[in-house]
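> Numbering of the sequence shown is given in this note's numbering, commencing with residue 45 and proceeding in unit increments.
The beta-carbon is built from N, C-alpha and C at its ideal position, and this holds for glycine as well.
Questions regarding the structure given below will be posed in turn.
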Amino acid sequence: MACPVCGLTFEELQPRMFSFNSPFGACEECNGLGIRMEFDPELIIPDHSKSIADGAVALYRNYLDGYRNQYLGAVARHYGFSVLTPIRDLTKDQYDTLMFGSKDRIRFSMSTRNGDAHWAHTGEWEGLVPQSERLYHQTQSEYRKRELEKFMRISDCPRCHGKRLKEKVLSVRIQDHSIVDITNMPVSRCIRFFAELELPEKQQEIARQILKEINARLDFLEKVGLGYLTLSRSAGTLSGGEAQRIRLATQIGSNLMGVLYVLDEPSIGLHQRDNQKLIDTLRRLRDLGNTLIVVEHDEDTIRSADYVVDMGPGAGLHGGHVVAQGTPGQIAGNKNSLTGQYLAGTLKIETPSIRRNSNQSIHITGCSENNLKDIDVRIPLGVFTVVTGVSGSGKSTLIYDTLYQALQKRLYHSRVNPGKYRALEFEGEVDKVIVIDQSPIGKTPRSNPATYTKVFDEIRKVFASTKEAKVRGFQPGRFSFNLKGGRCEACEGDGMIKIEMNFLPDVYIECEECKGTRYNRETLEVKYKGKNIAEVLDMTVEENLELFQHIPAIRNKLETLAAVGLEYIKLGQSSTTLSGGEAQRIKLTRELSKRGTGRTIYLLDEPTTGLHFHDVKKLIAVLNELVDKGNTVVVIEHNLDVIKSADHVIDLGPEGGDGGGYVVATGTPEEVAENPHSHTGRFLQRMIAGA
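What follows is the structure, given as structure tokens:
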């Protein structure tokens, strides 16, 4: 094929030509990635008020870069400025030369740090940006590459403009839409596009089966509450709940029968409006002849089940029993079941009778990142604010990509690049912004709740103050498994020995020397109330509360852990074995135990993930405690109990994707509940009316 106008030639069209993972379709410039990484002058020199001598060039701040700083001194002398001149005072030509180089011949005079040797040569100055690019491509060190990447920004490929495919592939169109135009549509709009697609009779006959498959698969995605996602969305940017629901949609499309499906909290991240769609989808899978086992805390999902197994009665050592089983109605009638009591309404989370007010606030205006529609948002200071909205309405973009990044830049002069906004204004004092997310509290198995909350420091002091420890001359450091002296040197305080397997995953076995205790014999001989340090770490928070009840420094921290529902975890439990919800609550306890300024903003994203009704009640109490200290708490949440407990609600929407990005309603939960345009308000009204 050939175009009669421009002469562009085409081989026979094949499906692989429309894949950016295939060399037949991928853009030759970026190999189908759609992006490229470039060094950004604003990251190389982030603070223009500084001079070269003050460390303006972030790349060269290390004292080992002395030779390169001498090069900059020679460049400055040659082009008529000083290393003491603030970058903002350079002329445009001087700045461009510094960043991008020059063909002029410059004399470079160099000397060693102690002045023992001097030498000189003449050459061209390549510029900070080209020099960084050269070093990045030349280095074999992954560490050095990662360090240099801190000064790079991701930008669209200049050839395909982020579309990832070859130009001639993009010229193939259906009703003036390329394949990229279609995959960039949200699922809900894609459904409309193919429903309205009109083809000539012959083409319609050819495409009938293909269109049937496309429509069926899009419909499955819509029915599991993912209508707001674009088909081109990167898998790495999906939340756990979204990824699970995509896999669920795939299973529905397979029409398998006689399969046992196990799902772990599929309602995570779903608005109440979309929850019923998910429940209907699960029922459809059941009706095909399959069995579904769902681990879930969502009330609607529990009430929709055919059979419920309630575990408990408590958590950790207090759990592991089947408390009740039967229909949801039977569970609600079981007085021994904590879940049943909440289903029956015997126990419930009360709606606050008084809402906090604030005359101080943060205003962020002109927010237009992703699907945000140039919105202005006011967040009151010193109160509990919840940001709501259907999935994909722009909540995370507003709070994390825009507000959090903008606050980091304002408060810490961070080099982050916030989402698009016009202005950030303060009516009150803010000195810190902290994200309390569900990421692990430590990157290695050595980290645990005791070390993270600093309660281990106090426990080690107690052991060091015992008579036996004083006789032996043991200091608090003796009771650390990270330091030589008290730890077992055979396993270096790990308690486990790693056996490397050449072609299989590494195997870990218990250390024969210390039997997994991490400590040597002499250290374990020191006891407090009959317990050695290893036994204390192997005890739960609840057990340690009893052991250390007369030591306020330890008791207070342990009581805070218990207050957020973590009385069942062991103090020495490896951080890598904690769930995201547990890690988040441990972070909350550390913040509660700090002596704060009362001017901190805390940001949380769906903190109720993985929490039972009873734990949600505890979480709300902890968040209110942070606010009572004068701090500001901003939470993204779908849980109606949390929303009704807030002082202020910001509801985004009205839909997800392109249909979202607007502020639909703001005010107290009661005010949002009265707004006829708010999906959240509709469900909130029922919740408040039933309270």
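When burial is assigned at 16 or more other CB atoms within 10 Å of the CB, is C411 buried or exposed?
Counted from its first residue, the sequence shown places residue 411 at position 367. Under this definition C411 is a buried residue.
> Excluding five sequence neighbours on each side, which residues of the same chain lie with their C-beta closer than 7 Å to the C-beta of Q114?
In the sequence shown, the residue the question calls residue 114 occupies position 70. M154, listed in sequence order.
> Can you find the residues in the same chain that come closer than 7 Å, C-beta to C-beta, to T567, ignoring five residues on each side of it along the sequence?
Walking along the sequence shown from the start, residue 567 turns up at place 523. Hits under 7 Å: R522, F523, G530, I577.
> Within 8 Å, do at least three Cβ pairs link the stretch 449 to 469 to the stretch 617 to 635?
Between the stretch 617 to 635 and the stretch 449 to 469 there are fewer than three inter-stretch CB-CB distances shorter than 8 Å, so the stretches are not counted as touching.
> In its own chain, which residues sit with a C-beta less than 8 Å from the C-beta of L455, not counting the 5 before and 5 after it?
Along the sequence shown, read from residue 1 onward, the residue named residue 455 stands at position 411. Hits under 8 Å: V474, D475, K476, V477.
> Once DSSP output is grouped into helix, strand and coil, what is the label at Q369?
Counting from 1 along the sequence shown, the entry for residue 369 is found at position 325. It is a strand residue.
> So Q320 and L307 are supposed to be a Cβ contact under 8 Å. How far apart are they, rounded?
Position 276 of the sequence shown, counted from the start, is the residue given in the question as residue 320. Position 263 of the sequence shown, counted from the start, is the residue given in the question as residue 307. The pair is not a contact, with the Cβ atoms about 16 Å apart (cut-off 8 Å).
> Kindly indicate which residue of S215, K575, M540 has the alpha-carbon position closest to the one of L52.
As a position in the sequence shown, residue 52 is number 8, starting the count at 1. Nearest of S215, K575, M540 to L52, Cα basis: S215.
> Where do the ends of the alpha helix (DSSP H) carrying V224 lie?
Here residue 224 is taken as the residue at index 180 of the sequence shown, counted from 1. Run containing V224: 223 to 227, per the alpha helix (DSSP H) assignment.
> Do you know whose CA, among T227, L314, G574, N259, lies nearest G269's CA?
Start at 1 with the first residue of the sequence shown, and residue 269 comes out as number 225. Nearest option by C-alpha distance: L314.
> Please look up how many angstroms separate the CB atoms of V678 and I393, rounded, as I've assumed it's under 8 Å.
Counting from one through the sequence shown, the residue named residue 678 turns up at place 634. Counting from one through the sequence shown, the residue named residue 393 turns up at place 349. Not really, about 20 Å apart at Cβ, beyond 8 Å.
> Relative to the C-alpha of C535, which candidate in L548, Y552, P520 has its C-alpha closest?
As a working mapping, residue 535 is identified with position 491 in the sequence shown. Nearest option by C-alpha distance: Y552.
> Give the range of the alpha helix (DSSP H) segment to which M731 is assigned.
Here residue 731 refers to the residue found at position 687 of the sequence shown. From DSSP, the alpha helix (DSSP H) with M731 extends over 723 to 733.
> Which residues in the same chain have their Cβ closer than 8 Å to the Cβ of Y107, if we skip the five residues on either side of it in sequence?
The sequence position of residue 107 within the sequence shown is 63, counting from 1. With a pLDDT of only 42 at Y107, under the threshold of 50, the placement of this residue in the model should not be trusted; the figure read from the coordinates follows. The beta carbon of Y107 sits closer than 8 Å to no other beta carbon from its chain once the five residues preceding and following it are set aside.
> I need the straight-line Cα distance from Y444 to Y123, nearest angstrom please.
Locating residue 444 in the sequence shown gives position 400, counting from the first residue. Locating residue 123 in the sequence shown gives position 79, counting from the first residue. Rounded to the nearest angstrom, the two C-alpha atoms are 43 Å apart.
> Please state the DSSP three-state secondary structure of D691.
As a first step, residue 691 must be located in the sequence shown, where it is residue number 647. Note: D691 maps to coil in three-state DSSP.
> Below 8 Å on the Cβ atoms is my contact criterion, and I expect G76 with F64 to pass it. Report the Cβ-Cβ distance as a whole number of Å.
If you number the sequence shown from 1, residue 76 lands on position 32. If you number the sequence shown from 1, residue 64 lands on position 20. Right, the Cβ-Cβ distance comes to about 4 Å (below 8 Å), so this counts as a contact.
> Over what stretch of residues does the beta strand (DSSP E) that includes F83 continue unbroken?
Translated into the one-based positions of the sequence shown, residue 83 becomes position 39. Its beta strand (DSSP E) spans residues 79 to 83.
> Mind checking A164: buried by the 16 CB within 10 Å criterion, or exposed?
Within the sequence shown, the letter at position 120 stands for residue 164. When all chains shown are included, A164 counts as exposed.
> Does the separation of the CB atoms of P713 and V693 fall below 8 Å?
The residue given as residue 713 occupies position 669 in the sequence shown. The residue given as residue 693 occupies position 649 in the sequence shown. Yes, they are a contact pair.
> Let me confirm a value: P67 is counted as buried when at least 16 other C-beta atoms fall within 10 Å, else exposed. Which label applies?
Translated into the one-based positions of the sequence shown, residue 67 becomes position 23. Under a 10 Å Cβ-count criterion, P67 is classified as exposed, with fewer than 16 other Cβ atoms of the shown protein chains found around its own Cβ.
> Hey, T395 and K688 are a contact pair by Cβ (cut 8 Å); roughly how many whole angstroms apart?
Start at 1 with the first residue of the sequence shown, and residue 395 comes out as number 351. Start at 1 with the first residue of the sequence shown, and residue 688 comes out as number 644. Yes, T395 and K688 are in contact; Cβ-Cβ is about 5 Å, under 8 Å.
> Excluding the 5 residues flanking G234 on each side, which residues of the same chain have their C-beta closer than 6 Å to its C-beta?
Numbered from its first residue, the sequence shown carries residue 234 at position 190. The sequence shown places Cys at residue 234, not Gly. Around C234: L262.
> Which residue or residues does DSSP assign as beta-bridge partners of D649?
Reading the sequence shown from its first residue, position 605 is the one you call residue 649. Per DSSP, the beta bridge partners of D649 are I680.
> Give a yes or no on whether 8 Å exceeds the smallest Cβ distance from S276 to chain B.
The structure shown contains no chain B; it is built from a single protein chain.
> Measure from the alpha carbon of K417 to the alpha carbon of each residue in V353, G700, V49, F125, then state which is nearest.
Within the sequence shown, the letter at position 373 stands for residue 417. For K417, the nearest C-alpha among the options comes from G700.
> Where does L696 sit, in a helix, a strand or coil, going by DSSP?
Here residue 696 is taken as the residue at index 652 of the sequence shown, counted from 1. Note: L696 maps to strand in three-state DSSP.
> Are the stretch 181 to 191 and the stretch 126 to 144 touching, with three or more C-beta to C-beta distances below 8 Å?
no
> Counting only runs that start and end within the stretch 499 to 546, where is the alpha helix (DSSP H) found for 4 or more residues in a row?
499 to 508, 511 to 516
> Using only the alpha-carbon positions, how far apart do S298 and G271 sit?
Taking the sequence shown and counting its residues from 1, the one referred to as residue 298 is at position 254. Taking the sequence shown and counting its residues from 1, the one referred to as residue 271 is at position 227. Straight-line Cα distance between these residues: approximately 20 Å.
> Return yes when the Cβ of A102 is within less than 8 Å of the Cβ of L128, no when it is not.
Numbered from its first residue, the sequence shown carries residue 128 at position 84. Numbered from its first residue, the sequence shown carries residue 102 at position 58. No, the Cβ-Cβ distance between L128 and A102 is not below 8 Å.
> May I ask which residues mark the beginning and end of the beta strand (DSSP E) holding Y552?
Translated into positions along the sequence shown, residue 552 becomes position 508. Counting along the chain, the beta strand (DSSP E) containing Y552 begins and ends at 551 to 554.
> Can you name the residues that DSSP bridges to I423?
Locating residue 423 in the sequence shown gives position 379, counting from the first residue. DSSP lists I406 as partners of I423.
> What does a CB cutoff of less than 8 Å around F428 pick up in its chain, not counting 5 residues either side in sequence?
What you label residue 428 is simply residue 384 of the sequence shown in a count that begins at 1. Within the same chain, F428 has close Cβ partners R400, L667, N668, V671, V677, V679, S689, A690, D691, H692.
> My assumption, with CB atoms under 8 Å, is that P720 sits in contact with T620. Please give the rounded CB distance.
Looking up residue 720 in the sequence shown gives position 676. Looking up residue 620 in the sequence shown gives position 576. The C-beta distance from P720 to T620 rounds to 48 Å, too long to fall under 8 Å, and the pair is not in contact.
> Is the beta carbon of A607 closer than 8 Å to that of L589?
Numbered from 1 along the sequence shown, position 545 holds the residue referred to as residue 589. Numbered from 1 along the sequence shown, position 563 holds the residue referred to as residue 607. Contact: no.
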